[in-house]
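Note sheet for the following structure.
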Amino acid sequence: MTLLLLALTLATGVEAAEFTLRIGLIDQAPAAAPPLSALLPPIVDDGLEGARQGIRDNATTGRFTGQAFELVPTRVAPGTPAAAAFRDLHGQGLRVFLINLPAPDLLALADLPEARDSLLFNIGAPDDRLRVTDCRRNLLHTAPSRAMLADALAQYLAWKRWTRWFLVVGPTPGDQAYAAALRRAAKRFGARILVEKPWTFEAGASRTDSGHFTEQQEANAFTQVADYDILLVADESDTFGEYLNYRSFLARPVGGTRGLSAAAWSGVSEQWGATQFQRRFRERTGRFMTPLDYAAWLAVRSIGEAATRTGSPDPGPLRAYLLGPDFKLAAFKGVPASFRDWNGQLRQPLLIVSPRVLVSVSPQEGFLHQFSTLDTLGYDRAETTCGMK
1 MTLLLLALTL
11 ATGVEAAEFT
21 LRIGLIDQAP
31 AAAPPLSALL
41 PPIVDDGLEG
51 ARQGIRDNAT
61 TGRFTGQAFE
71 LVPTRVAPGT
81 PAAAAFRDLH
91 GQGLRVFLIN
101 LPAPDLLALA
111 DLPEARDSLL
121 FNIGAPDDRL
131 RVTDCRRNLL
141 HTAPSRAMLA
151 DALAQYLAWK
161 RWTRWFLVVG
171 PTPGDQAYAA
181 ALRRAAKRFG
191 ARILVEKPWT
201 FEAGASRTDS
211 GHFTEQQEAN
221 AFTQVADYDI
231 LLVADESDTF
241 GEYLNYRSFL
251 ARPVGGTRGL
261 SAAAWSGVSE
271 QWGATQFQRR
281 FRERTGRFMT
291 PLDYAAWLAV
301 RSIGEAATRT
311 GSPDPGPLRA
321 YLLGPDFKLA
331 AFKGVPASFR
341 DWNGQLRQPL
351 LIVSPRVLVS
361 VSPQEGFLHQ
371 FSTLDTLGYD
381 RAETTCGMK
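Counting from 1, one number per residue, gives the positions in the sequence shown under my numbering.
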């Protein structure tokens, strides 16, 4: 491994320069909410531990090149503008940042005057508008978009010929946005939404002695609709989707944000070196890596790879290399990941998973593209108005 790392460094043709690249991480404290189940305790370091794993992995190569990487995390309170935190880190000399904030707050940071000489990585916001109309030259995305997630699932459903959908949509803006992505995916891959219903029942009595009976009756009555192949749930806030499993009037699978779902990462993945990768993370943290952890890890590893190849810690050379044709990142998913130069989105395979099993990986066989089959997931170049170059 040592000889391989040295060979890769020499193959870049760039003279190794010694430096320390400090990476800021700005996220928001999660809002307090009771968990859906006591089996799922809240994760207080989601994303942070993924970034730390990336720092450790970068250090493997950095030991031979004289390059060091340091993570500087900052957490802001919900509803508090993050501009002050960004300016503080920028004033300390940081120019590369991981951001886990809602889309409006993310754009507000990217548009700050101080951010013009910086490079930001979106590790959390799935909003499609960030990749279609509201792109920023200083903003790259390692989190997949909602369109990518919906397309990945729809491709698998098309392969299964489960093309008749029953869509249940929650009340939050995220639920509505994911439902819109599913509608778009249905048109792209030949599915039909036979029934669409909003979920309005509040399952607040689940912890009472008879709460399960109320939920059972409500779900059974709610799902008495015409026949369909799969019940798709748009429930990003995780407040009701799980209640529909095994309670629908017809014996049909549940998918979407619950049940059969698309994800950038999951603890069930064990192929392409993922077992060793997962083990290293669990030994450090005592838990499985989440999709947010994985997006943070991807961002830090992308930064490390670009810094090694360019011999520079500066945002300009880093960005140029990341958006160029030579950047390829091993992502433990069978094929290398790379950035789309038209909107800054990291193209990557997406896992189709159940709670305990890896079911498939998208893109599915047979879905072709003139440049990369990974670009069958999400918005393609001609579908965006962005101009990253």
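Quick reminder that beta carbons are idealized off the backbone N, C-alpha and C, glycines included.
Own chain, CB closer than 7 Å to residue i, minus 5 neighbours either side, in chain order
i: L71; result: I23, L25, A51, R52, I55
i: L139; result: A110, L120, N122, G344
i: C135; result: N343, G344, C386, M388
i: L377; result: M148, D151, A152, L350, S362, P363
i: R164; result: R192, L194, Y228, D229
i: T384; result: R131, V132, W342, N343
i: H369; result: D375, T376
i: Y156; result: I352, S360, S362, Q364
i: F189; result: A154, Q155, A158
i: W162; result: D229, I230
Rounded straight-line distance, which links the Cα of residue j to that of residue i
i: L98; j: L351; result: 23 Å
i: R381; j: A150; result: 18 Å
i: A84; j: P30; result: 19 Å
i: G316; j: A77; result: 31 Å
i: S269; j: V335; result: 14 Å
i: Q276; j: Y321; result: 28 Å
i: D105; j: R319; result: 22 Å
i: D293; j: G124; result: 9 Å
i: W272; j: A264; result: 14 Å
i: L107; j: A262; result: 26 Å
i: S266; j: F339; result: 21 Å
i: G324; j: A299; result: 16 Å
i: P81; j: L48; result: 20 Å
i: K160; j: T65; result: 48 Å
i: F201; j: V357; result: 30 Å
i: T142; j: F166; result: 30 Å
i: A177; j: F19; result: 42 Å
i: F281; j: A274; result: 11 Å
i: S302; j: R347; result: 13 Å
i: E114; j: G79; result: 21 Å
Residues that residue i bridges to, as DSSP identifies them
i: W165; result: I193, I230
i: H141; result: N122, Q345
i: Q28; result: V76
i: G256; result: V233
i: V96; result: I23, L119
Three-state class that DSSP yields for residue i in the structure shown
i: N58; result: helix
i: V132; result: helix
i: E383; result: helix
i: A68; result: strand
i: L329; result: strand
i: R340; result: coil
i: A220; result: The identity of residue 220 in the sequence shown is Asn, whereas the question assumes Ala. N220 falls in the helix class under three-state DSSP.
i: V361; result: strand
i: S210; result: Interpretation of S210 is limited by its pLDDT of 47, a score under 50 that renders its predicted location unreliable; no figure is taken from the coordinates.
i: G316; result: helix
i: I303; result: helix
i: T172; result: coil
i: R356; result: coil
i: A82; result: coil
i: L39; result: coil
i: P198; result: strand
i: L350; result: strand
i: A262; result: strand
i: L250; result: coil
i: Q271; result: coil
i: Q370; result: coil
i: R188; result: helix
i: F281; result: helix
i: A17; result: coil
i: M289; result: coil
i: T308; result: helix
Residues near residue i in its chain [Cβ-Cβ closer than 6 Å; skip 5 each side]
i: A186; result: I193
i: D127; result: A103
i: T2; result: Here T2 scores only 42 on pLDDT, less than 50, and its place in the model should not be relied on; the value that follows carries that caveat. Nothing listed; no residue qualifies.
i: A17; result: G311
i: V168; result: K197, W199, V233
i: A181; result: R146, A147, A150
i: N58; result: F69, G304
i: R75; result: D27, A29
i: T290; result: D46
8 Å Cβ shell around residue i - same chain, five flanking residues per side excluded
i: A226; result: L194, V195
i: D45; result: T285
i: R247; result: E215, Q216, A219, N220, T223
i: Q92; result: R22, V72
i: N245; result: V254, R258, G259
i: R129; result: A103
Review point. Do the segment 257-273 and the segment 234-242 meet, that is, are 3 or more Cβ pairs less than 8 Å apart?
Key: yes
Point to revise | Touch test, the segment 84-93 against the segment 327-341, Cβ-Cβ under 8 Å, three pairs minimum | key: no
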